[in-house]
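> Using the UniProt record's numbering, read the sequence shown as starting at 1 and increasing by one per residue.
Here a beta-carbon is modelled for each residue, glycine too, at the ideal position from N, C-alpha and C.
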Amino acid sequence: ETSSSSSASASASASTMPTTLSFDPKDYHEDYIRKFGYPVEWHSTTTEDGYVLGMFRIPHGKDDVKVEEEEQGVDKKVVILQHGLLGSSFGWVVNLPHQSLAYLLADAGYDVWLPNSRGNTFSRNNTHYDPDSTEFWDYSWDDQAK
Numbered sequence: 001e002t003s004s005s006s007s008a009s010a011s012a013s014a015s016t017m018p019t020t021l022s023f024d025p026k027d028y029h030e031d032y033i034r035k036f037g038y039p040v041e042w043h044s045t046t047t048e049d050g051y052v053l054g055m056f057r058i059p060h061g062k063d064d065v066k067v068e069e070e071e072q073g074v075d076k077k078v079v080i081l082q083h084g085l086l087g088s089s090f091g092w093v094v095n096l097p098h099q100s101l102a103y104l105l106a107d108a109g110y111d112v113w114l115p116n117s118r119g120n121t122f123s124r125n126n127t128h129y130d131p132d133s134t135e136f137w138d139y140s141w142d143d144q145a146k
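#1: Have a look at D142 and K62 and give me their C-alpha separation to the nearest angstrom.
#2: Whole angstroms is fine: what's the gap from W92's alpha carbon to W113's?
#3: So which of D130, S100, L53 and L101 has the shortest CA-CA distance to A145?
#4: Measuring only the C-alpha atoms, how far is Y94 from S100?
#5: Quick check on the DSSP output: the beta strand (DSSP E) that includes Y51 runs from which residue to which?
#6: By how many angstroms is the C-alpha of G109 removed from the C-alpha of F36?
#7: Starting from H43, follow its DSSP beta bridges and name the residues at the other end.
#8: Rounded to a whole number of angstroms, what is the C-alpha to C-alpha distance between E55 and H98?
#9: Hey, A102 and H60 are a contact pair by Cβ (cut 8 Å); roughly how many whole angstroms apart?
#10: Kindly indicate which three-state DSSP category P131 falls into: helix, strand or coil?
#11: Tell me the DSSP secondary structure of L104 in three-state form.
#12: Taking the alpha-carbon positions, what's the Y38 to I58 distance?
#13: Where do the N-terminal and C-terminal ends of the beta strand (DSSP E) with D111 fall, by residue?
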């Protein structure tokens, strides 16, 4: 009897689950990084064929006093962390700071950039095509690499 009532309550709760996201993933990503005390910036760039690619930047570590150096024009080394085939930049920051390469590099003094490939959550825009259209998804592996 316990299992039937627990499966009935599981079905009832599943039917009340929301079917759409009620938050902006970009804001969530930024808030998540800030939660650990790191600065974060949002940037975007547009490819020649109109894809708007989003990227996050962690310009320095959480306890970095080198912000003054940036204001004085001191160059920092830049690191670009590109996610894998089906991932997003969130994969570089999802773990705790001592377990995430993006945070470790920022704390080591690097200017960390986290770009996103076309079509993922953070790069789902185009100047010509709707992301829900077939045309939006009509690109090659070569196009991805440009």
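Taking the structure as given:
#1: 37 Å
#2: Roughly 10 Å between the two C-alpha positions.
#3: Closest by alpha carbon: L53.
#4: The amino acid at residue 94 is misidentified as Tyr; the sequence shows Val. Roughly 7 Å separates the two Cα atoms.
#5: Y51 to I58
#6: 17 Å
#7: M55
#8: The sequence shown places Met at residue 55, rather than the Glu named in the question. Spanning the two alpha carbons is a distance of roughly 22 Å.
#9: Actually they are not in contact, since the Cβ atoms of A102 and H60 sit about 12 Å apart, beyond 8 Å.
#10: coil
#11: helix
#12: 7 Å
#13: D111 to P115
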